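Data first, discussion second: the structure below is written as structure tokens.
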DNA sequence: ATTGTTCTGTACCGAACGGTAATATATAGA
DNA sequence: TCTATATATTACCGTTCGGTACAGAACAAT
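Protein chains in written order, with the UniProt record's numbering: chain A, 1 to 206; chain B, 1 to 206.
Here is the structure:
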């Protein structure tokens, strides 16, 4: 899916807009929104500033498009883990999957969405707000999935789906930060495994 | 403990250096290192830039001094929680204490150390490195305390103190982020309670 | 070949950044 | 009162920030 319809008249664009966007995502992923300068972006994307502005609007819109690209990846953590039938497998899949994906060295470490939110002063308020909404949406998806599991009788009676969703979000954010700080895949997997074991023990009927 | 020895000659300083430092800490706490500008600092501290530079060196040194102030607070989370004898109380104290302190509205939300690390591009590398060392030191303190508990037979045999310390760190970082994003004290306490219950169940002998 | 359209590159904008030179001002000691 | 010293104030430095005006270059349609 291209971002801007290819023009059939005029000078043709000299770069692949999808590849450029992916490069931009990588920079935002690594440095966050405010931590990324236009010079870093243009250098990584292999284009000059006016080309960037013509193709993507401005830094803010470029960021949103990059985040869209990130969230629509087919190998998204949620997409994979939610395919499991049993809630225990979902929880294990989410935590161990996060540990694996956040340390996957084929792209920057951690979660792009979580990393981006960080380096944001009061200046870029719309960025903060939008990223927060996305994260809230994901938390809601988790809560919905856990609620569904509870209806099926998979969860303990005293386990609140919303709280469990918050706890998972907390763990994701912590795992993402640790990954960004250079934690190894082994360390994060041990952490994820211990967390999963604890959650399964106190929240899931067996 | 003052930062700079009070001069007994020359024009006396027109502001309280300790109060100014505390104001600086609050700004860094709220906005992170790179997210904080000198104008914000001087405004919050009630002084002009040359006074700031005369008293604290530069932005980087001011940050280090502010972080020192933060870590040497008497009501530090670790100081309080480590006073408990039983490891179960330590773990509960750490998690519930974090939920409470991170949402305490008498100061910025979240953990200052964790928040600061975030908004740091490759530029301020020494900041990143120093903050990382501090966080690592805290993780080590946790690991030592858990190791000690294991020696006393308080932990399950298959519970690795280092992994448990990593999991606690992960939870702290997640809780701090959620607090910074505006989570309520109630929500965080529920999350902390659930996490504590899980950890106590799988890691601690009862 | 000309025109219209769109992209590319250079060179620049005002604003904000961290940091400082120069100078005025307030105190202690002589 | 005068001098030495340390602080406060103003006004400025060079750099980088996000963003853009402008002119040239490459294509499709005529």
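We put the CB at the ideal spot given by N, CA and C, even for glycine. Predicted model, so just to flag it, every value in this text is computed and none were measured.
Within chain A, partners of residue i - CB distance below 7 Å
{"i": "residue 45 of chain B", "result": "What residue 45 of chain B touches in chain A: nothing, since even the nearest Cβ is about 17 Å away."}
{"i": "residue 109 of chain B", "result": "The contacting residues do not exist; residue 109 of chain B stays about 14 Å from chain A at best."}
Helix, strand or coil at residue i according to DSSP, with G and I counted as helix
{"i": "residue 204 of chain B", "result": "strand"}
{"i": "residue 3 of chain A", "result": "Unreliable positioning characterises residue 3 of chain A in this predicted model, as indicated by a pLDDT of 39, which lies under 50. The coordinate reading is nonetheless provided below. Residue 3 of chain A falls in the coil class under three-state DSSP."}
{"i": "residue 39 of chain A", "result": "helix"}
{"i": "residue 189 of chain B", "result": "helix"}
{"i": "residue 13 of chain B", "result": "coil"}
{"i": "residue 183 of chain B", "result": "coil"}
{"i": "residue 91 of chain B", "result": "helix"}
{"i": "residue 47 of chain A", "result": "coil"}
{"i": "residue 207 of chain A", "result": "Here chain A has residues from 1 to 206 only, and residue 207 of chain A is not among them."}
{"i": "residue 161 of chain B", "result": "helix"}
{"i": "residue 58 of chain B", "result": "coil"}
{"i": "residue 82 of chain A", "result": "coil"}
{"i": "residue 53 of chain B", "result": "helix"}
{"i": "residue 197 of chain A", "result": "helix"}
{"i": "residue 104 of chain A", "result": "coil"}
{"i": "residue 166 of chain B", "result": "helix"}
{"i": "residue 122 of chain B", "result": "coil"}
{"i": "residue 109 of chain B", "result": "coil"}
{"i": "residue 133 of chain A", "result": "helix"}
{"i": "residue 174 of chain B", "result": "helix"}
{"i": "residue 97 of chain B", "result": "helix"}
{"i": "residue 144 of chain A", "result": "helix"}
{"i": "residue 34 of chain B", "result": "coil"}
{"i": "residue 23 of chain B", "result": "helix"}
Contacts that residue i makes with chain A (C-beta to C-beta distance below 8 Å)
{"i": "residue 178 of chain B", "result": "166, 169, 170, 173"}
Closest by C-alpha distance to residue i, when choosing among the options
{"i": "residue 71 of chain B", "options": "B:22, B:47, B:35, B:99", "result": "B:22"}
{"i": "residue 88 of chain B", "options": "B:35, B:153, B:9", "result": "B:153"}
{"i": "residue 29 of chain A", "options": "A:81, A:195, A:106, A:97", "result": "A:106"}
{"i": "residue 18 of chain B", "options": "B:42, B:66, B:57", "result": "B:66"}
{"i": "residue 130 of chain A", "options": "A:73, A:68, A:156, A:75", "result": "A:68"}
{"i": "residue 90 of chain A", "options": "A:31, A:188, A:143", "result": "A:143"}
{"i": "residue 77 of chain A", "options": "A:104, A:61, A:62, A:52", "result": "A:104"}
{"i": "residue 141 of chain B", "options": "B:27, B:79, B:108, B:110", "result": "B:79"}
{"i": "residue 200 of chain A", "options": "A:118, A:110, A:159", "result": "A:159"}
{"i": "residue 15 of chain B", "options": "B:149, B:64, B:54", "result": "B:54"}
{"i": "residue 180 of chain A", "options": "A:114, A:86, A:138", "result": "A:114"}
{"i": "residue 169 of chain B", "options": "B:135, B:157, B:150", "result": "B:135"}
{"i": "residue 124 of chain B", "options": "B:41, B:13, B:35, B:9", "result": "B:35"}
{"i": "residue 109 of chain A", "options": "A:11, A:198, A:137, A:185", "result": "A:185"}
In DSSP terms, what residue i is bridged to
{"i": "residue 77 of chain A", "result": "Residue 77 of chain A pairs with nothing; no bridge assigned."}
{"i": "residue 155 of chain B", "result": "B:204"}
Neighbouring residues, chain B, relative to residue i (Cβ below 7 Å)
{"i": "residue 208 of chain A", "result": "Nothing about residue 208 of chain A can be read from this structure; chain A reaches only from 1 to 206."}
{"i": "residue 155 of chain A", "result": "Neighbours of residue 155 of chain A on chain B: none; closest Cβ ~12 Å, over 7 Å."}
{"i": "residue 191 of chain A", "result": "163, 166, 167, 170"}
{"i": "residue 195 of chain A", "result": "167"}
Distance between beta carbons of residue j and residue i, contact taken as under 8 Å
{"i": "residue 126 of chain A", "j": "residue 33 of chain A", "result": "That belief does not hold up - the Cβ atoms of residue 126 of chain A and residue 33 of chain A are roughly 10 Å apart, past 8 Å."}
{"i": "residue 175 of chain B", "j": "residue 82 of chain B", "result": "About 18 Å; that fails the 8 Å criterion."}
{"i": "residue 202 of chain A", "j": "residue 163 of chain B", "result": "In fact, because the Cβ distance is near 18 Å, the residues do not count as touching under 8 Å."}
{"i": "residue 84 of chain B", "j": "residue 97 of chain B", "result": "Going by Cβ atoms, the distance from residue 84 of chain B to residue 97 of chain B rounds to 11 Å, so no, they are not a contact pair."}
{"i": "residue 25 of chain A", "j": "residue 100 of chain A", "result": "At roughly 19 Å, the Cβ-Cβ gap does not stay under 8 Å, so residue 25 of chain A and residue 100 of chain A are not in contact."}
{"i": "residue 167 of chain B", "j": "residue 177 of chain A", "result": "Their Cβ separation, rounded to whole angstroms, is 13 Å, which puts residue 167 of chain B and residue 177 of chain A out of contact at 8 Å."}
{"i": "residue 173 of chain A", "j": "residue 173 of chain B", "result": "7 Å"}
{"i": "residue 132 of chain A", "j": "residue 118 of chain B", "result": "The pair is not a contact, with the Cβ atoms about 14 Å apart (cut-off 8 Å)."}
{"i": "residue 204 of chain B", "j": "residue 155 of chain B", "result": "6 Å"}
Proximal chain B residues relative to residue i, where beta-carbon distance stays under 9 Å
{"i": "residue 140 of chain A", "result": "Neighbours of residue 140 of chain A on chain B: none; closest Cβ ~14 Å, over 9 Å."}
{"i": "residue 187 of chain A", "result": "162, 163, 166"}
{"i": "residue 132 of chain A", "result": "181, 182"}
{"i": "residue 34 of chain A", "result": "34, 35, 119, 121"}
Residues that residue i contacts on chain B, provided the C-beta gap is smaller than 8 Å
{"i": "residue 31 of chain A", "result": "121, 122"}
Partners in chain A for residue i, counting only beta-carbon separations shorter than 9 Å
{"i": "residue 55 of chain B", "result": "Under the 9 Å cutoff, chain A gives no residues; its nearest Cβ is about 24 Å from residue 55 of chain B."}
{"i": "residue 93 of chain B", "result": "The premise fails here: residue 93 of chain B is roughly 18 Å from chain A at the closest Cβ pair, so nothing lies under 9 Å."}
Closer than 6 Å: residue i CB and nearest the ligand HEM heavy atom
{"i": "residue 22 of chain A", "result": "In the structure on display, the ligand HEM does not appear, and there are no ligands present to speak of."}
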